[in-house]
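Per our numbering, the sequence shown starts with residue 17, numbered consecutively. Below: one structure, written as structure tokens.
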Amino acid sequence: MPFKLIIELSDRDLRHFRRELKRAREAVGIADDDEIVAAAADLIETLKRTELPDFIGTRLASLETLLAMLSDPDWNLDDEERSPVLAALAYACDPEDIIPDDIPGIGLLDDAVMIELVFRELRHEIAAYEDFRRYRAALPRRSLLRKDPGMLAAKIAKRRTQLMTRMRRRRADERRKGPR
């Protein structure tokens, strides 16, 4: 029988998690991006081979999306946009975070919370990237585009620019008005 646990994080709790994420972001500053991406890819592959609690397994796809955003050659995030994604991946890869990852059953609980917080923080970036992936996946079905790689690249670039403009506008609006 499933057991639903709802945890309400207070402002104090959120500040604590944000401090931890900030610490991870600072660590990103001294770590190589490629090392973080490689460590995150290794972590994801390891987790896929592990019997995980459902509350972690359901967030694994979220972690994969963050990794894909950084690794996708057609989706060029600037340094300011890459930083929080790298920080989230660095946090997830740190086995000695708030709850050490090797504690059976709960070791990844803080990672799940952090992934949720980062996904909320980056919702505009993630929505734009997911729209971009759907658009790009649909393009090759059009025969004219398959015959002209230059046209395909131009269409992808145009859509990427539109989505990144939307993403940045929404983020700026939210900062001005405050989160909803």
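Just so you know, even glycine gets a beta-carbon here, dropped at the ideal spot from N, CA and C. Every value quoted in this text rests on a predicted model; they were computed, and no experiment measured them.
_Buried versus exposed call for residue 61 [16 or more other C-beta atoms within 10 Å across all chains shown]_ = The residue is exposed, with fewer than 16 neighbouring Cβ atoms inside 10 Å.
*asked:* Less than 9 Å between the C-beta atoms of residue 182 and residue 140, yes or no?
replied: For residue 182 and residue 140, yes; Cβs fall inside 9 Å.
*residue 89 - DSSP class collapsed to helix/strand/coil*: Coil at residue 89, not helix or strand.
_Please classify residue 36 as buried or exposed, where buried requires at least 16 neighbouring CB atoms within 10 angstroms._
Result: buried.
*8 Å contact criterion, which residue 102 and residue 148 should meet: CB distance rounded*: So it is not a contact: roughly 19 Å between Cβ atoms.
*With distances taken from CA atoms, which of 188, 193, 194, 192 is nearest residue 97?*
For the options 188, 193, 194, 192, the alpha carbon positioned closest to that of residue 97 is the one of 188.
*Report the residue from 82, 72, 151 whose alpha carbon sits nearest the alpha carbon of residue 137.*
Here the closest residue by C-alpha is 82.
*Going by Cα to Cα distance, which pick from 88, 24, 65, 80 is closest to residue 152?*
The option with the nearest alpha carbon to residue 152 is 88.
*Boundaries (first-last residue) of the alpha helix (DSSP H) holding residue 166*: Taken as a continuous stretch (DSSP letters only), the alpha helix (DSSP H) holding residue 166 covers 165 to 193.
*Kindly indicate which three-state DSSP category residue 103 falls into: helix, strand or coil?*
In the structure shown, residue 103 sits in a helix (DSSP, three-state: H, G or I).
*Return the first residue and the last residue of the alpha helix (DSSP H) that residue 49 is part of.*
Residue range 49 to 64 is occupied by the alpha helix (DSSP H) that includes residue 49.
_For residue 170 and residue 90, I'd like the C-alpha separation in whole angstroms._
Rounded to whole angstroms, residue 170 and residue 90 show a C-alpha spacing of 11 Å.
_Supposed contact pair residue 72 and residue 108 - C-beta distance, whole angstroms, cut 8 Å_ = With a Cβ gap of about 11 Å, residue 108 and residue 72 do not count as contacting.
*Along the alpha helix (DSSP H) that carries residue 141, what are the first and last residues, could you check?*
Element bounds for residue 141: 139 to 154.
*Using 10 angstroms around the beta-carbon of residue 104, count the other beta-carbons present and answer buried if the total reaches 16, otherwise exposed.*
Buried: at least 16 other Cβ atoms inside 10 Å.
*Cα separation between residue 31 and residue 50?*
Going from the Cα of residue 31 to the Cα of residue 50 covers about 29 Å.
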